[in-house]
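S.K.: Could you have a look at this structure, given as structure tokens, before my questions?
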Amino acid sequence: MNFARAAVAAVLGALFLGACATHLGSPPVAELTTARAAITQAEAAGAGQLAPVELLAARGKMVQADAAVRAEQFLQARDLAEQAAADGALAERKARAARARMAADELERGNAALKQEIGRPAK
Amino acid sequence: MTSPRIRLMRLALAPVAAVLLAACASVPVTNPKLDEARALYSQAAADADAARSAPLELRSAQLSLARAESAFKAGEDSAIVNHHAYLARQRSATALQAGEIARAEQAVSASAAERDRILMAARTREADQARMQAEKDRAESERARMQADKDRAESERARMQAQTASAEAEQSRKAAEAQLAAAQAAQADAAKLQKQLAEMEAKQTDRGLVLTLGDVLFDSGRAELKAGASRTVDRLAAFMRDHPERSLQVEGYTDSVGSDALNLALSQRRAEAVQAALVSRGVEGSRIKTNGMGKASPVASNDTAEGRQRNRRVEIVISGTN
Chain H
2 MNFARAAVAA VLGALFLGAC ATHLGSPPVA ELTTARAAIT QAEAAGAGQL APVELLAARG
62 KMVQADAAVR AEQFLQARDL AEQAAADGAL AERKARAARA RMAADELERG NAALKQEIGR
122 PAK
Chain E
-12 MTSPRIRLMR LALAPVAAVL LAACASVPVT NPKLDEARAL YSQAAADADA ARSAPLELRS
48 AQLSLARAES AFKAGEDSAI VNHHAYLARQ RSATALQAGE IARAEQAVSA SAAERDRILM
108 AARTREADQA RMQAEKDRAE SERARMQADK DRAESERARM QAQTASAEAE QSRKAAEAQL
168 AAAQAAQADA AKLQKQLAEM EAKQTDRGLV LTLGDVLFDS GRAELKAGAS RTVDRLAAFM
228 RDHPERSLQV EGYTDSVGSD ALNLALSQRR AEAVQAALVS RGVEGSRIKT NGMGKASPVA
288 SNDTAEGRQR NRRVEIVISG TN
């Protein structure tokens, strides 16, 4: 009997906590911080030129998240911040991938030019 | 048995029923955003480079996808499904980009290694070429040096040959000169000898050159040379000094008057007198032999005064090389 009552209490508590989660009472500080950091890193990685779509998406969602925070729509703010962080992280990786590919291409071209300059391709 | 018309109607109605059933269900059959997220996640999970370089992104993509799937299955609000599907999609894409980065960096490393290899190969080739060139140059200079040595030896040999030839020429010239001089001297000697012999009225006989001093050089029965003989003796002494290789045989002769012993002794003394006169003029005594012949070997008849006078004489035989 006690077991059954405890189980019911646990389920009720879980439901309550779940309700709290869906109705946040404070701004999603951690998510917002993570998103801002991701955007900063993406900008530092040159995403402004190399991944502009993703970076703009991240910035737009960041603006929306801030607006949601002001509107005390914290749940919405949290989702937007999460998406902004994901967009920012993608923008950063995409920019870095583009730069790494350019470096690889540059080296490959350099090698080809070197071979040509040396005159005979190395066997 | 149903008619074909009714059967056709049933076939046409089947899709309609399916659509109606789907609409009736509280859960939609598909969600394009979820499909997209699922596909991209599968791609990322299958990418070994992505899995290795972005495990956390891949893991959170998986969690978001699972969350979206369960929300979708549970028939939650499509906004929630879409939110998690979006996160899953973006995180999968991020993982794929991480894989791209890893591949590009591998390409960078490979290119750098390739660059090193190319440069090394070029340097090796250059070194090889330089070594071969140096080898060639060394062989060339060695060959040139050997040629120069050969040329030098050749010219040295030629020079020595020329020197030898010129020395030989000089030698033969000198030899010819000496020969000529010797010939001239011999000719002069012969001429002088001839002249001296002619002056002394020497005669060539079987015994050699014979000079006859008549008895007018001696008083009768005496053995002392008279003053008139000195000119003939002077000439003979000069001849002997000029020709040291010659020797003399001085022979005294008498006529048949008087005893043999007296004539022999007298002829011996007369020969010795001539020898003494020559020695006093510087001719070595050892080169002059004396012989008293007495009345032997008359050159004329002892029956007449004139014949006897001719038999009283001293004959001087000049021997030695002529």
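Chains H and E, in that order, are what the protein sequence lines are. When the count follows this note's numbering, it moves up by one through the first sequence with no breaks and lands on 124 for the last residue. When the count follows this note's numbering, it moves up by one through the second sequence with no breaks and lands on 309 for the last residue. Heads up, the beta-carbon is just placed ideally off N, CA and C, and yes, glycines get one too. This one's a predicted model, so the numbers in the text were calculated from it and none came from an experiment.
Our contact map puts alanine 101(H) next to glutamate 92(E) with C-beta atoms below 8 Å; I'd like the distance itself, whole angstroms only.
M.R.: As a position in the first sequence, residue 101(H) is number 100, starting the count at 1. As a position in the second sequence, residue 92(E) is number 105, starting the count at 1. Sure, about 6 Å apart at Cβ, within 8 Å.
S.K.: I need the boundaries of the alpha helix (DSSP H) containing glutamate 157(E), first residue and last residue.
M.R.: Counting from one through the second sequence, the residue named residue 157(E) turns up at place 170. Per DSSP, glutamate 157(E) belongs to the alpha helix (DSSP H) from 65 to 186.
S.K.: Can you tell me whether glutamine 84(H) is buried or exposed, with buried defined as 16 or more other CB within 10 angstroms of its CB?
M.R.: For this step, residue 84(H) is matched to residue 83 along the first sequence. That one is buried.
S.K.: Let me confirm a value: alanine 260(E) is counted as buried when at least 16 other C-beta atoms fall within 10 Å, else exposed. Which label applies?
M.R.: Taking the second sequence and counting its residues from 1, the one referred to as residue 260(E) is at position 273. Answer is buried; the Cβ neighbour count reaches 16.
S.K.: Please list the partners that glutamate 83(H) has in chain E, where partner means a Cβ-to-Cβ separation under 7 Å.
M.R.: Residue 83(H) sits at position 82 when you count from the first residue of the first sequence. Those are Leu74, listed as they occur along chain E.
S.K.: Within its chain, find whatever has a CB closer than 6 Å to the CB of alanine 41(E); leave out the 5 residues flanking it on each side and keep chain order.
M.R.: Taking the second sequence and counting its residues from 1, one reaches residue 41(E) at position 54. Contacts found: Ala82 and Ala85.
S.K.: State whether the segment 57 to 70 of chain E contacts the segment 104 to 111 of chain E, with contact taken as three or more CB pairs (one from each stretch) at a distance under 8 Å.
M.R.: The segment 57 to 70 of chain E vs the segment 104 to 111 of chain E: no contact.
S.K.: So if I threshold CB-CB distances at 7 Å, which residues from the segment 90 to 116 of chain E count as touching chain H?
M.R.: Under the 7 Å Cβ criterion, the segment 90 to 116 of chain E contributes Ala91, Glu92, Ala94, Val95, Ser98, Ala99, Glu101, Arg102, Arg104, Ile105, Ala108 and Ala109.
S.K.: Which parts of the segment 252 to 296 of chain E are runs of the beta strand (DSSP E), unbroken and 3 residues or longer, counting only runs that do not cross its ends?
M.R.: Runs of the beta strand (DSSP E) inside the segment 252 to 296 of chain E: 275 to 279.
S.K.: Which class does leucine 212(E) belong to by DSSP, given the choice of helix, strand or coil?
M.R.: On the second sequence, position 225 is the one that residue 212(E) refers to. Strand at leucine 212(E).
S.K.: What does arginine 78(E) touch in chain H if you count any residue whose Cβ is under 7 Å from its own?
M.R.: For the purposes of this step, residue 78(E) is taken as residue 91 along the second sequence, with counting starting at 1. Per Cβ cutoff of 7 Å: Ala87.
S.K.: Along the chain, where does the alpha helix (DSSP H) that runs through threonine 34(H) open and close?
M.R.: Reading the first sequence from its first residue, position 33 is the one you call residue 34(H). Threonine 34(H) -> alpha helix (DSSP H) spans 30 to 45.
S.K.: Along the chain, where does the alpha helix (DSSP H) that runs through valine 64(H) open and close?
M.R.: Counted from its first residue, the first sequence places residue 64(H) at position 63. Looking at the DSSP string, the run of the alpha helix (DSSP H) that includes valine 64(H) is 53 to 71.
S.K.: Residues of chain H with CB closer than 9 Å to the CB of alanine 85(E), please, in chain order.
M.R.: Here residue 85(E) is taken as the residue at index 98 of the second sequence, counted from 1. The answer, in chain order, is Arg94, Arg97 and Ala98.
S.K.: Can you confirm whether threonine 17(E), when its beta carbon is compared against all beta carbons of chain H, has any partner nearer than 8 Å?
M.R.: On the second sequence, residue 17(E) is found 30 positions in, with the first residue counted as 1. For threonine 17(E), the answer is no, since every Cβ of chain H falls outside 8 Å of its Cβ.
S.K.: Can the beta-carbon of alanine 72(E) be found closer than 8 Å to that of alanine 24(E)?
M.R.: Walking along the second sequence from the start, residue 72(E) turns up at place 85. Walking along the second sequence from the start, residue 24(E) turns up at place 37. Closer than 8 Å, so yes.
S.K.: Can you tell me where the alpha helix (DSSP H) holding valine 220(E) begins and where it ends?
M.R.: Mapped onto the second sequence, residue 220(E) falls at position 233. Note, valine 220(E): alpha helix (DSSP H), 217 to 229.
S.K.: May I have the straight-line CA-CA distance separating glutamate 73(H) from glutamine 65(H), to the nearest angstrom?
M.R.: The residue you call residue 73(H) lines up with position 72 of the first sequence. The residue you call residue 65(H) lines up with position 64 of the first sequence. Each residue's alpha carbon lies about 12 Å from the other.
S.K.: Taking only the alpha-carbon atoms, compute the straight-line gap between alanine 224(E) and glycine 201(E) and give it to the nearest angstrom.
M.R.: Along the second sequence, read from residue 1 onward, the residue named residue 224(E) stands at position 237. Along the second sequence, read from residue 1 onward, the residue named residue 201(E) stands at position 214. Between alanine 224(E) and glycine 201(E), the C-alpha separation is close to 18 Å.
S.K.: Can you check whether the CB of asparagine 112(H) is closer than 8 Å to the CB of glutamate 113(E)?
M.R.: Taking the first residue of the second sequence as 1, we reach residue 113(E) at position 126. Taking the first residue of the first sequence as 1, we reach residue 112(H) at position 111. For glutamate 113(E) and asparagine 112(H), no; Cβs fall outside 8 Å.
S.K.: Using a Cβ cut-off of 8 Å (strictly closer), state whether alanine 48(H) contacts chain E.
M.R.: Here the question's residue 48(H) lines up with position 47 in the first sequence. Not an interface residue.
S.K.: Compute the distance between the beta-carbons of leucine 204(E) and glycine 215(E), then report whether it is under 8 Å.
M.R.: Position 217 of the second sequence, counted from the first residue, corresponds to residue 204(E). Position 228 of the second sequence, counted from the first residue, corresponds to residue 215(E). Their beta carbons are under 8 Å apart, which means leucine 204(E) touches glycine 215(E) by this criterion.
S.K.: Of all the CB atoms in chain E, is at least one closer than 8 Å to the CB of isoleucine 40(H)?
M.R.: As a first step, residue 40(H) is located in the first sequence; it is residue number 39 there, counting from the start. Answer no: the Cβ-Cβ gap between isoleucine 40(H) and chain E never drops below 8 Å.
S.K.: Does the separation of the CB atoms of glycine 195(E) and valine 304(E) fall below 8 Å?
M.R.: Here the question's residue 195(E) lines up with position 208 in the second sequence. Here the question's residue 304(E) lines up with position 317 in the second sequence. Result yes, Cβ atoms of glycine 195(E) and valine 304(E) sit closer than 8 Å.
S.K.: Do methionine 280(E) and glutamate 238(E) have their beta-carbon atoms positioned less than 8 Å apart in this structure?
M.R.: The residue given as residue 238(E) occupies position 251 in the second sequence. The residue given as residue 280(E) occupies position 293 in the second sequence. Cβ distance < 8 Å, so glutamate 238(E) and methionine 280(E) count as in contact.
S.K.: I need the boundaries of the beta strand (DSSP E) containing arginine 300(E), first residue and last residue.
M.R.: Taking the second sequence and counting its residues from 1, the one referred to as residue 300(E) is at position 313. Looking at the DSSP string, the run of the beta strand (DSSP E) that includes arginine 300(E) is 300 to 306.
S.K.: Answer yes or no: does any C-beta atom of chain E fall closer than 8 Å to that of glycine 111(H)?
M.R.: Stepping through the first sequence from its first residue, residue 111(H) is reached at position 110. It does; some Cβ of chain E falls within 8 Å.
S.K.: In the DSSP assignment, the beta strand (DSSP E) including glutamate 238(E) goes from what residue to what residue?
M.R.: One-based indexing of the second sequence puts residue 238(E) at position 251. Counting along the chain, the beta strand (DSSP E) containing glutamate 238(E) begins and ends at 234 to 240.
S.K.: Using only CA atoms, which one of Ser273(E), Arg218(E), Ala156(E) and Phe226(E) lies nearest to alanine 178(E)?
M.R.: Your numbering for residue 178(E) matches position 191 in the second sequence. Answer by Cα proximity: Phe226(E).
S.K.: I believe alanine 48(E) touches arginine 78(E) by the beta-carbon criterion, under 8 Å. Please report the beta-carbon distance rounded to the nearest angstrom.
M.R.: Within the second sequence, residue 48(E) is the residue found at index 61, counting from 1. Within the second sequence, residue 78(E) is the residue found at index 91, counting from 1. Correct: roughly 4 Å between the Cβ atoms.
S.K.: Confirm, please, whether the CB-CB distance from valine 220(E) to arginine 256(E) is below 8 Å.
M.R.: Taking the first residue of the second sequence as position 1, residue 256(E) is located at position 269. Taking the first residue of the second sequence as position 1, residue 220(E) is located at position 233. Taking 8 Å as the Cβ cut-off, arginine 256(E) and valine 220(E) do not qualify as a contacting pair.
S.K.: Chain E partners of aspartate 67(H), CB-CB under 8 Å?
M.R.: In the first sequence, residue 67(H) corresponds to position 66, counting from 1. Neighbours of aspartate 67(H) on chain E: none; closest Cβ ~18 Å, over 8 Å.
S.K.: Mapping the DSSP letters down to three states, classify leucine 50(E) as helix, strand or coil.
M.R.: Position 63 of the second sequence, counting from 1, holds the residue named residue 50(E). Three-state result, leucine 50(E): helix.
S.K.: Look at the alpha carbon of glutamine 116(E) and the alpha carbon of lysine 116(H), and state the distance between them as a whole number of angstroms.
M.R.: Translated into positions along the second sequence, residue 116(E) becomes position 129. Translated into positions along the first sequence, residue 116(H) becomes position 115. In a straight line, the C-alpha of glutamine 116(E) is about 17 Å away from that of lysine 116(H).
S.K.: Would you identify the three-state DSSP class for leucine 198(E), choosing helix, strand or coil?
M.R.: One-based indexing of the second sequence puts residue 198(E) at position 211. If DSSP states are grouped into helix, strand and coil, leucine 198(E) belongs with the strands.
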